[in-house]
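Residue numbers (this note's numbering), protein chains in the order written: chain L, 8 to 240; chain A, 17 to 432.
Taking it in order: structure first as structure tokens, then the write-up.
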Amino acid sequence: MSDGTPILELEDVHYRWPGRASFGLSVPSFCLKSGETVLLLGESGSGKSTLLSLICGTVIADSGKVSVSGTDITLLAAGQRDRFRAEQIGLIFQQFNLLAYASMLDNILLPLRFAPERRSRVKAPQDEARKLCQDLGLTNDVINARAGTLSVGQQQRVAAARALIGQPPLIIADEPTSALDAATQITFLELLFAQSRVHGTTLLMVSHDARLADQFDRVVQMSDIAKTEREVA
Amino acid sequence: MILRLAFGSLLARALTVGMTILAIALSVALFLGVEKVRTGAKASFADTISGTDLIVGARSGSVQLLLYSVFRIGNATNNLTWESYQDIAARPEVDWIVPISLGDSHRQFRVMGTTNAFFDRYKYRSGQSLEVSDGVVMSDLFDTVIGADVATTLGYKIGDPIVVAHGLASFTEHEDQPFRVSGILEKTGTPVDRTVIVSLKAIEAIHVDWKSGAKTPGNSTPADVIREMDLQPKAVTAALVGVKGRLQVFGLQRLINEYKEEPLLAVLPGVALQELWQIVGVAETALIGVSGMVVITALIGMMATIFSSLNERRREMAIFRAMGARPRVILGLLILEACLMAAIGAALGLVLLYMGLTIAQPLVDSAFGLWLPIDAPTLHELWVLVSVIAAGAIVSLVPAYRAYRLSLADGMMVKV
């Protein structure tokens, strides 16, 4: 599915947590091509979350280049980075993805509120949200239910719909299946793959679970692309 | 959508948010209620007398003279002799003069002796005259006209007998000379409602058998004999005076105040009221201050609620951040929530105020003779409500800024 254009490029990135000089992360080179599905495997503490924060621009590298869709986000101002994230990246977390008090529909439409370009790609947002829900196997009667009343499996599908709406070029999923049981895991992943293929989206999934590996175009070990620095205190 | 989300978030924490809103509502109701009572009392006082140019009585304080002659609060220190009264009445500046004689009571109500001119001359609420709702004004010596509250409280009808007690809160009664209710006045919202009005001569008549404040022993004089007697009073408590021209008021006032025969005092009702406000003003300010502090306390309570909710809401803020919301949006969201709480609280406070007024109106009226009008909110009250919402926004800046800092530090990764 990949057409070879890089969607995500990290070059010579160095980052050190403020106030915690003993812990740092460096990524010499990491690249994701458009339309690829990539599984990033790593143990806990290997710097996966930090890497995701760097890619999403909520933390900024001390040096090096982090470019998403050809834009080096380290050069953007804070406000621009937030808008850029909303436009370019769909995010799915491990769990507690949703605003529990908001309706499922509002949760799905939330990123469009902060991403005008992404919003302009969706002609009828509510219909689009309903269609995504259907594609992800959610029945229409739950669409107005409060997210807090849904099961974890349903919540993760809503989170997937939220990441997919408006077709952002990159979807990042941070262990989205770890809170699901084995059967639900497989269904969820199949749906996620199918949808990202339909929309031609690049998918970067982070996990510690190597059993999922055969479903992805490519598997990358965290230890191969990144180096964590821990000084002995 | 953001507004809907803010509402949803508040609804999700309905209990704590509800408590906070209730505290704000109660404080706002208290504040507005104090204002209502204050302006109501002021208006009620100011409405009690109009059309009278001067009040004349024995020399004391102008506020005291006003209070006992018009509001039936407190007592006269001394009387105005009938000679002085006649002297003043004969002045060319004087258009009309109405004597007032106080000192006796009937149950909890004061008895006032006066002439029938009182019903023409006494005006309240910018020139309104007293009207008899039932019966007629006094025509016989032992006739009495009673105020609306006297009639409703004691259940009197036309023709009912009334025995006047000597002095105030006394056990000695003028039982030998009972009165008959000849008329009942319409409700005025003034102390007249709580007054038993008899003729000046009747006040003399019931004291025929009395000397130096005590009943003389022996047989009482029969009513028929009293009717034949000369019932010219020796003194009156005070007099209401109207002058012919506005400009003559001050001249006559000076003349009375410098009266050689007896120490007298003449006051302009409006000026005396102003003096009264100055005295009451301190208490008023204190009352407003205290109720204002209650509002501030409620708002600080809201600040505490928002603060304590921040930690459990870091996840929620992280979701907003991950979806591309700037930390500013988080700041705005929290201020919006505070404004919503303050606005709902203020609106609810207004509702509570009107509910309270509806319940309290008859009670306050019968207890204090104070009529609190139930009107649409004034511009001033709307300003109070807007200020409460604005103050809520300002107060919420503190926790909102903390949330802003937190969400900057947390980004989208909160391990909760």
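Ideal Cβ positions, reconstructed from N, Cα and C, are used throughout, including at glycine.
- Shown here, Tyr275/A sits in coil according to DSSP, grouped into three states, outside any helix or strand.
- Residue pairing of Glu18/L in beta bridges, as defined by DSSP: Ser36/L, Lys72/L.
- Put simply, the CB of Met339/A is near chain L, with a gap under 7 Å to one of its CB atoms.
- Contact of Ser25/A with chain L is assigned, a C-beta pair being separated by under 7 Å.
- Within the stretch 116-129 of chain L, those residues whose Cβ lies closer than 8 Å to any Cβ of chain A are, in chain order, Leu116, Leu117, Pro118, Arg120, Phe121, Ala122.
- Per the C-alpha coordinates, the member of Asp136/A, Asp426/A, Arg126/A, Pro207/A positioned closest to Ala181/A is Arg126/A.
- C-alpha of Ala221/A to C-alpha of Leu373/A: approximately 44 Å in a straight line.
- Taking 7 Å as the cut-off, the beta carbon of Ala288/A is found no closer than this to the beta carbon of Leu70/A.
- Pairing Glu43/L with Ala180/L, the inter-Cα distance amounts to about 14 Å.
- Between the stretch 35-52 of chain A and the stretch 358-368 of chain A there are three or more inter-stretch CB-CB distances shorter than 8 Å, so the stretches are counted as touching.
- Contact between the stretch 75-88 of chain L and the stretch 225-239 of chain L is absent: fewer than three C-beta pairs spanning the two stretches fall below 8 Å.
- Counting along the chain, the unbroken alpha helix (DSSP H) around Met357/A starts and ends at 343-384.
- DSSP, reduced to helix, strand and coil, places Arg153/L within a strand of the structure shown.
- Leaving aside the five residues that flank Gly317/A on each side, the residues in its chain whose CB is nearer than 7 Å to its CB run, in chain order, Thr36, Ala39.
- In summary, Glu191/A is exposed, with fewer than 16 beta-carbon neighbours lying within 10 Å of its beta-carbon over all protein chains present.
- As DSSP reads the structure, Asp181/L sits in a beta bridge with Val213/L.
- Taking the Cα positions, Ala92/A is about 25 Å away from Leu146/A.
- The beta-carbon of Gly86/L is placed less than 7 Å from the nearest beta-carbon of chain A.
- Leu17/L has a beta carbon lying at 7 Å or more from every beta carbon in chain A.
- Per DSSP, the beta bridge partners of Glu189/A are Ala181/A.
- Judged by DSSP in its simplified three-state form, Ile335/A adopts helix.
- Distance check between Pro249/A and each of Ala407/A, Leu170/A, Gln102/A places Gln102/A closest, using alpha-carbon atoms only.
- Residues of chain L whose Cβ lies closer than 7 Å to the Cβ of Glu332/A are, in chain order, Leu106.
- Contact between the stretch 18-38 of chain A and the stretch 52-65 of chain L is not established, with fewer than three Cβ pairs separated by less than 8 Å.
- Between the alpha carbons of Asp246/A and Val283/A lies a distance of about 32 Å.
- The alpha-carbon of Arg270/A is positioned some 41 Å away from that of Gln193/A.
- Judged by beta-carbon spacing, Val148/A lies within the 7 Å limit of Gly199/A, meaning their Cβ atoms are closer than that value.
- In this structure, DSSP gives Leu82/L a helical state, which the three-state scheme calls helix.
- Annotation for Phe134/A: the continuous alpha helix (DSSP H) segment containing it runs 133-137.
- Ranked by Cα distance from Val306/A, the options Val411/A, Ala251/A, Leu256/A, Leu48/A are led by Leu48/A.
- Among the residues of chain A, those whose CB is under 7 Å from the CB of Val66/L are Gly427, following chain order.
- Contact with chain L is found for Leu21/A, since one of that chain's Cβ atoms lies less than 7 Å from the residue's Cβ.
- Between Gln264/A and Glu109/A, the alpha-carbon positions lie close to 7 Å from each other.
- The way I'd put it, the stretch 339-352 of chain A does touch the stretch 417-427 of chain A; three or more beta-carbon pairs between them come closer than 8 Å.
- The stretch 296-306 of chain A and the stretch 383-401 of chain A do not touch, with fewer than three beta-carbon pairs separated by less than 8 Å.
- Take Asn151/L, set aside five residues on each side of it, and the residues of its chain with a beta-carbon closer than 8 Å to its own are Ser110, Met111, Leu112, in chain order.
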